[in-house]
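Note that the sequence shown ends on residue 658 in our numbering; no numbers are left out. Yeah, the Cβ is synthetic: ideal placement off N, Cα and C, and Gly gets one too. Single-structure report; data block below.
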Amino acid sequence: MPINIPNGLPAVGVLTSEHVFVMTEERAQHQDIRPLNVLILNLMPKKIVTEVQYLRKLSSTPIQVNIELLRIDHHISKNTPQTHLDTFYKDFEEIQDRRYDGMIITGAPLDQTDFDDVTFWPKLQEIIKWSTTHVTSTLFSCWGVAAALKYFYEMPMILRKEKLSGVFLHKTTHSVNAFTRGFDDYFYAPQSRFIDFPTSVIEANTNLIVLADSDETGVFLACTPDCRQVFVTGHPEYDVTTLADEYRRDLNAGKNPQVPKNYFPHDDPKLPPLCKWRSHGALLFSNWINYIYQVTPYDFV
């Protein structure tokens, strides 16, 4: 089955050109199927790019998925047309009385900012709290993981001396878990963050089950014992050129960034990068959707 996304969303054209089966709202209304309803709280600046990345991954499942987009505030974006936000994004007040099968809270370029200095931190806490009673399973990504650890476990943000950027080898530690079913013992995944998630610290201060990690990157994938919260510190949704775009952006800004590790052939940024993580990225999101499908109620009470 396809993902069901709003009519007119720019991602439709991109995904259709990649032969991804996309179903618009109008066509979906004629199918007698209980689709899963997934809400995406998009905190990234380039919202259209992020939409395409996540929708591409959510399409790798035979289950029909309805997608809704949520914004945190009405901040004027420099990277996304206001008409796009007004047309396709909902405010929390519009959806707070509804229930969802799944929710994704994306990362944000705030990994060197104290939570108290984040203007939407109070609203984000309200949404995370709401998700515990209105969402079957919530997936937190990158900075979203740090925000969730702060909210659920009062864990402060731990910063690395240098940015972690590149494609790293991770070890699967629980291969029988619903979210890692079919994973190889070792797999690659992109990382792009200043935040550190040491496995020993996570295990000592939370009840999370660490499903995949590495000595170099720390925790990559973890979940709560009831699987209601899933934590992905990396970016399995990234396009093949995303890390290159980030590197050149920082280079042009005079930040003197390090070349992303294990990404460009021979670590030469003049060469086009190769994707080493596409299959496991798709498998992770497919496993998450399949898990939700198995446990979510047909009719929400």
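Per DSSP, which one or two residues make a beta bridge with residue i?
i: Gln586; result: Thr495
i: Ser522; result: Ser549
i: Ser532; result: Beta-bridge pairing links Ser532 to no other residue.
i: Lys612; result: Answer is none; Lys612 lacks a bridge partner.
What's the C-alpha gap between residue i and residue j?
i: Leu712; j: Lys404; result: With the chain running from 358 to 658 in the structure shown, residue 712 is simply not present.
i: Tyr411; j: Ala561; result: 31 Å
i: Asp473; j: Ser374; result: 42 Å
i: Phe477; j: Asp430; result: 7 Å
i: Pro367; j: Thr599; result: 18 Å
i: Ala385; j: Pro419; result: Since pLDDT at Ala385 reaches only 49, below the 50 mark, its modelled position is unreliable, and no value is offered.
i: Ser334; j: Met401; result: Nothing about residue 334 can be reported from this structure: the residues present for the chain run from 358 to 658 only.
i: Lys435; j: Val533; result: 43 Å
i: Gln388; j: Pro363; result: Because Gln388 sits at a pLDDT of 47, beneath the cut-off of 50, its placement in the model cannot be relied upon, and the point is left open.
i: Ile649; j: Arg456; result: 13 Å
i: Val371; j: Pro466; result: 25 Å
i: Thr440; j: Tyr446; result: 10 Å
i: Thr556; j: Lys414; result: 26 Å
i: Thr470; j: Phe551; result: 11 Å
i: Cys580; j: Trp645; result: 11 Å
i: Pro614; j: Asp468; result: 16 Å
i: Gln453; j: Trp487; result: 8 Å
So the beta strand (DSSP E) residue i belongs to, where does it begin and stop?
i: Gln548; result: Tyr543 to Ile552
i: Asn562; result: Segment Thr556 to Asn562 is the alpha helix (DSSP H) holding Asn562; no beta strand (DSSP E) there.
i: Asn394; result: Leu393 to Leu398
i: Ala569; result: Ile566 to Ser571
i: Leu578; result: Gly575 to Cys580
Considering only C-alpha positions, which residue in the set the options is nearest to residue i?
i: Val587; options: Leu568, His491, Glu603 and Val597; result: Leu568
i: Gly638; options: Gly539, Asn613 and Asn619; result: Gly539
i: Asp542; options: Thr530, Val369 and Gln439; result: Thr530
i: Pro622; options: Leu608, Val597 and Glu519; result: Val597
i: Lys633; options: Leu481, Ala503 and His527; result: His527
i: Val576; options: Asp583, Phe509 and Thr563; result: Thr563
i: Thr490; options: Gly459, Gly591 and Tyr510; result: Gly459
i: Lys522; options: Asp602, Lys507 and Phe449; result: Lys is not the amino acid found at residue 522; the sequence shown has Ser there. Ranking Asp602, Lys507 and Phe449 by Cα distance to Ser522 puts Asp602 first.
Could you check where the alpha helix (DSSP H) with residue i kicks off and where it finishes?
i: Tyr595; result: From DSSP, Tyr595 is part of no alpha helix (DSSP H); its letter is neither H nor E.
i: Leu641; result: Arg635 to Val652
Next on the checklist: Quick check for students: name the residue ranges of the alpha helix (DSSP H) that lie wholly in the segment 401-427, counting only runs of 4 or more.
Outcome noted: 404-415
Checklist entry - Of all the alpha helix (DSSP H) runs that stay within the bounds of the segment 423-507, which reach a length of 4 or more residues? => result As far as the segment 423-507 is concerned, its whole alpha helix (DSSP H) runs of at least 4 residues are 439-445, 449-452 and 478-491.
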